[in-house]
Amino acid sequence: MQVNDYNGAGSISCAISIVSPLIQIIMAKIRFINSRKDAHWSFTLKDGRIIEVLPFGENAQFIIRFDTPFNLETLEIGEQPPYKPHPNKEGLPDDAPEGFTTLNNLIAQKLGKQTFCYDEFEIMLGRPKTLSAQRVARICNKFKKNGFNVTPQAILHNWDAWLGDLKSGYRDEKNGYHLFSPCGCNDLRFSASTIDNRLDWQTTYKC
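First residue of the sequence shown? That's 1002 in our numbering, and the numbers climb one at a time after it.
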């Protein structure tokens, strides 16, 4: 039986078993990795263990979602059909068997956090009408203090795209970072991340 990941992140083909009216156990297990750099997207537990959430590769799929029930002791993963949404915001059914949790629950309990293969630093600017050379310099200095040698060219590239209601990215291989900004319907922000050549979205673009 194929169990589809209904948020569009992919699918997992496997058998299932039912352990409660709202929990079906996928015959697959949570995978732990040695370093957050070993997966595109991961979740680091307070005890230091790292759960692989999104692996690298053309066929990468979400092994678990943030609302997917799973058991940290047995490593069993639960899947819920889309036509029976989870009854609470954490994504854990009210009748979930003992020992089951979700990544959302772990975050709420301060037992872990979302992690990525790259380092990241973000600057939020609201909705400025202008961006002076002095302000660009201050933005670059703030990035530099946090480990990213972002250039004015990158800031202005994304600023121009934001003014045109386009999202954008700027890849600076010389300085080892990628700078992302959302489209103009959102508040302006600059998100710098360390370049990882396994990531196909770290390109220069406006769209």
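Glycine residues also receive a C-beta, built at the ideal position from the N, C-alpha and C atoms.
Item                                                                                                                                                                    : Value
My assumption, with CB atoms under 8 Å, is that D1197 sits in contact with Y1119. Please give the rounded CB distance.                                                  : 5 Å
Three-state secondary structure (DSSP) at L1157?                                                                                                                        : helix
From T1204 to E1099, what does the alpha carbon distance come to, in whole angstroms?                                                                                   : 45 Å
Quick check for students: name the residue ranges of the alpha helix (DSSP H) that lie wholly in the stretch 1111–1151, counting only runs of 4 or more.                : 1134–1146
Span of the beta strand (DSSP E) holding A1040?                                                                                                                         : Here A1040 belongs to no beta strand (DSSP E), and DSSP marks it neither H nor E.
Closer than 6 Å by C-beta to L1184: which residues in its own chain qualify, once you throw out the five before and the five after it? Chain order, please.             : The amino acid at residue 1184 is misidentified as Leu; the sequence shows Cys. So the qualifying residues of the chain are D1166, L1167 and K1168.
Does DSSP put P1083 in a helix, in a strand, or in coil?                                                                                                                : A caution first: P1083 carries a pLDDT of 47, below 50, which makes its placement in the model too unreliable to give a value.
Measuring only the C-alpha atoms, how far is G1177 from G1148?                                                                                                          : 10 Å
How far does the beta strand (DSSP E) with F1052 in it extend, from its first residue to its last?                                                                      : In the sequence under discussion, the amino acid at residue 1052 is Ile, which differs from the Phe named in the question. That run of the beta strand (DSSP E) goes I1051 to L1055.
Hey, would you say T1102 sits closer than 8 Å to L1055, going by beta carbons?                                                                                          : no
When DSSP builds the beta bridges, which residues end up paired with D1068?                                                                                             : D1068 pairs with nothing; no bridge assigned.
Can you grab the Cα-Cα spacing for the pair Y1171 / T1045, in whole Å?                                                                                                  : 28 Å
For P1022, count neighbouring C-beta atoms within 10 Å of its own C-beta (all shown protein chains included) and say buried if the count is 16 or more, exposed if not. : At P1022, the pLDDT of 44 sits below 50, so the modelled position is not reliable; the number obtained from the coordinates is stated separately. Exposed, because fewer than 16 other Cβ atoms sit within 10 Å of the Cβ of P1022.
Do three or more CB pairs link the stretch 1035–1051 to the stretch 1115–1129 at distances below 8 Å?                                                                   : yes
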